[in-house]
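FYI, in the UniProt record's numbering the residues of the sequence shown are 1 to 171.
Just so you know, even glycine gets a beta-carbon here, dropped at the ideal spot from N, CA and C.
All values reported here derive from a predicted model rather than from experimental measurement.
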Amino acid sequence: ANSGFANKVVEILVNNLERESSLYKKVNLFFLVDSITQCSRTMKGDGVIYLSAIQTVLPRLLSAAAPPCSSSLENHQQCLKVLKVWLERKILPEPIIRHHIRELESVCCSYTSVDSRGPLQNERALDDRIRQMEGMLADEYGSNSSIQLPDVSIPAIQTENDERNRFDGEN
């Protein structure tokens, strides 16, 4: 992956988030960003390019995924969960994540007390059928970073050894 491509992908995601009117779809798009972010963290080399691109637009991502209105409280809670996982796993620099966590928590507190509500509508229950799907690994906030889509293949990243072996086989 190169920097221009990563920036383009992230910009497309931000634009889709900003245009989307459904709060439920907004949080799902933010979970997609989370999956890309967590996969990028585990990649060697070029994965850091996506992390940098996401860090640059994180304020836009969060304001689009969790707009400042009382009807988006659930989205704020879901974004908070993602940010707390990122903080725990050291996905992005701690001061940046803590800043956004404080902002989201202040918005959540201004709308309602967290203790006075039931489970979130967007939060997946432990017995949710989605969680029971074979091969689906959902993490603690309902997203996943290892989903496999049928008929979609992601090309393997070639290494120098792969190139050397290919040329050795031709000689």
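As the crow flies, the alpha-carbon of E88 is around 17 Å from that of I54. For L73, the enclosing alpha helix (DSSP H) starts and ends at 73 to 88. P59 sits in a helix when the DSSP states are folded into three classes. For G4, the enclosing alpha helix (DSSP H) starts and ends at 3 to 19.
Within the same chain, and ignoring the five residues on either side of L51 in sequence, the residues whose Cβ sits closer than 8 Å to its Cβ are T37, S40, R41, I91, L92. Taking all protein chains shown into account, S72 has 16 or more neighbouring C-beta atoms within 10 Å of its C-beta and is therefore buried. Nearest to I49 by C-alpha distance, out of K25, V10, P68, L83, is V10. DSSP places L92 outside both helix and strand once states are collapsed to three, so it counts as coil.
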